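Down below is the structure, laid out as structure tokens.
Residue numbers (the numbering used here): 11 to 327.
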């Protein structure tokens, strides 16, 4: 079901957030079954986080982008003037425009783990910011609805890659907004694997040094990265203590509890950058995925029998 702003007003927002989260998981599972692969554990762990952000936390206006994302016109070059490129039209066609118009009083949202892109697209569909038809172009040649999102992809403001550049960019935006006395806040969605990257910690050091408290981070702490369990690859715990040592205000919550997630967001604006450390389960809602542990990063079916088992899980969803 596609849920718009009006739906949230007619019923308790927590119920809306839970239904959005369920819809996110189902859409991603449907894609994985149909396409014989995809990033599924990321939907399991982050569904409530993104649902809560879009239905409760983010102060953003209606989408300013086409319901069905436009094709990527190409990078500027011979035969493609800059005025026709995706760079020039990023906000008018795709990317950040799905998060509403840019205005001093409105929030900005930066999506860092761009391999979660399908989860974000499913979220945009569930909350009525992107048409379902947009998902049909997922990972197609020439489409902006990319498997690994970029700055022209729906809901994504800046290319982030694996080195957590989005947090650094968001920090610069937050500092500029603070200097301009703009009331709008800056929010960042991170995966916990990004705490294995040095740039993340440099960014937090800078945020703390400049007293940037108009920025909040929601981190999906699912304990997983591409090579398996994080505590076996390169441990980052005790993460909360380390973040506090870098000057952040940290709120640890159950990442599958919309009410706890929303309450933690109230910590923004209290003199320090806020981190909501959302502890999550990478198999939440799709129990069959547990048989793949500890390698949960990407699902690729080993045979038709396994694919049929996931199809049965989808039909029972």
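Note that CB positions come from ideal geometry on N, CA and C, so glycine has one too.
Being a predicted model, the structure only gives us computed values, none of them experimental.
Three-state class that DSSP yields for residue 151 in the structure shown: Residue numbering aside, residue 151 sits at position 141 when the chain shown is read from its first letter. In the structure shown, residue 151 sits in coil (DSSP, three-state: anything other than H, G, I, E or B).
Would you list, in sequence order, the uninterrupted beta strand (DSSP E) runs of no fewer than 3 residues that lie entirely inside the segment 120-189? none
What separation, rounded to the nearest whole angstrom, lies between the Cα atoms of residue 176 and residue 168? As a first step, residue 176 is located in the chain shown; it is residue number 166 there, counting from the start. As a first step, residue 168 is located in the chain shown; it is residue number 158 there, counting from the start. Note on geometry: alpha-carbon atoms of residue 176 and residue 168 lie some 7 Å from one another.
Counting only the same chain and skipping the five closest in sequence on each side, list residues whose C-beta sits under 8 Å from that of residue 36. Counted from its first residue, the chain shown places residue 36 at position 26. Cβ neighbours of residue 36 beyond the five flanking positions: 324 and 327.
Bounding residues of the beta strand (DSSP E) (the contiguous stretch that carries residue 289): Within the chain shown, the letter at position 279 stands for residue 289. Segment 284-289, the beta strand (DSSP E) holding residue 289.
Please give the ranges of any alpha helix (DSSP H) in the segment 217-273, keeping only runs that are unbroken, at least 4 residues long and fully inside the region. 240-243 and 249-255
Considering only the beta carbon of each residue, do residue 285 and residue 227 sit closer than 8 Å? Translated into positions along the chain shown, residue 285 becomes position 275. Translated into positions along the chain shown, residue 227 becomes position 217. Yes; because the gap between Cβ atoms is below 8 Å, this pair is in contact.
Nearest-angstrom Cα distance between residue 179 and residue 105? Locating residue 179 in the chain shown gives position 169, counting from the first residue. Locating residue 105 in the chain shown gives position 95, counting from the first residue. Residue 179 and residue 105: Cα-Cα distance of roughly 15 Å.
Which residues mark the beginning and the end of the alpha helix (DSSP H) in which residue 55 is found? Your numbering for residue 55 matches position 45 in the chain shown. Under the DSSP assignment, residue 55 falls in the alpha helix (DSSP H) whose first and last residues are 51-62.
Which listed residue (211, 33, 276 and 240) has its alpha carbon closest to that of residue 223: As a position in the chain shown, residue 223 is number 213, starting the count at 1. Taking only the C-alpha atoms, the option nearest residue 223 is 276.
Take residue 274 as the anchor and find which of 265, 281 and 261 has the nearest alpha-carbon. As a working note, residue 274 is residue 264 in the chain shown. Here the closest residue by C-alpha is 261.
I need the DSSP call for residue 200, collapsed to helix, strand or coil. Indexing the chain shown from 1 puts residue 200 at position 190. Strand.
Excluding the five sequence neighbours on either side, which residues of its own chain have a C-beta within less than 6 Å of the C-beta of residue 93, listed in chain order? Working through the chain shown from its first residue, we reach residue 93 at position 83. Note that residue 93 scores 43 on pLDDT, short of 50, meaning its location in the model is unreliable and no value can be drawn from it.
Specify the secondary structure class of residue 81 as computed by DSSP and reduced to three states. Counted from its first residue, the chain shown places residue 81 at position 71. Reduced to three states, the DSSP call for residue 81 is strand.
Helix, strand or coil for residue 47 per DSSP? Mapped onto the chain shown, residue 47 falls at position 37. Of the three classes helix, strand and coil, the one that applies to residue 47 here is coil, per DSSP.
According to DSSP, simplified to helix, strand and coil, what is residue 94? The residue labelled residue 94 in the question sits at position 84 within the chain shown. For residue 94, the predicted model reports a pLDDT of 41, less than 50, meaning its position is unreliable and no value from the coordinates is stated.
Residue environment, residue 303, which counts as buried when at least 16 other CB atoms sit within 10 Å: As a position in the chain shown, residue 303 is number 293, starting the count at 1. With fewer than 16 Cβ atoms within 10 Å of its Cβ, residue 303 is classed as exposed.
Using C-beta distances below 7 Å, list every residue in its chain close to residue 188, excluding the 5 sequence neighbours before and after it, in chain order. Within the chain shown, the letter at position 178 stands for residue 188. So the list reads 222 and 224, once near-sequence residues are dropped.
Three-state class that DSSP yields for residue 318 in the structure shown: If you number the chain shown from 1, residue 318 lands on position 308. Residue state, collapsed to three classes: helix.
Contacting residues, own chain, Cβ-Cβ under 6 Å from residue 120 (five flanking each side not counted): Residue mapping note: residue 120 aligns to position 110 of the chain shown, counting from 1. So the qualifying residues of the chain are 167, 176, 180 and 198.
Give me the DSSP bridge partner(s) of residue 118. To locate residue 118, count along the chain shown from 1; it is residue 108. For residue 118, which the question treats as bridged, DSSP gives the partners 196.
Tell me which residues share the same chain as residue 70 and place their Cβ nearer than 8 Å to its Cβ, disregarding the 5 neighbours each side in the sequence. Against the chain shown, residue 70 aligns to sequence position 60. Counting only Cβ-Cβ distances below 8 Å, and skipping sequence neighbours, we find 109, 110, 116, 117 and 119.
Assuming residue 194 and residue 114 form a contact by the criterion Cβ under 8 Å, report the distance between their Cβ atoms to the nearest whole angstrom. Position 184 of the chain shown, counting from 1, holds the residue named residue 194. Position 104 of the chain shown, counting from 1, holds the residue named residue 114. Contact flag correct, Cβ pair sits at about 6 Å.
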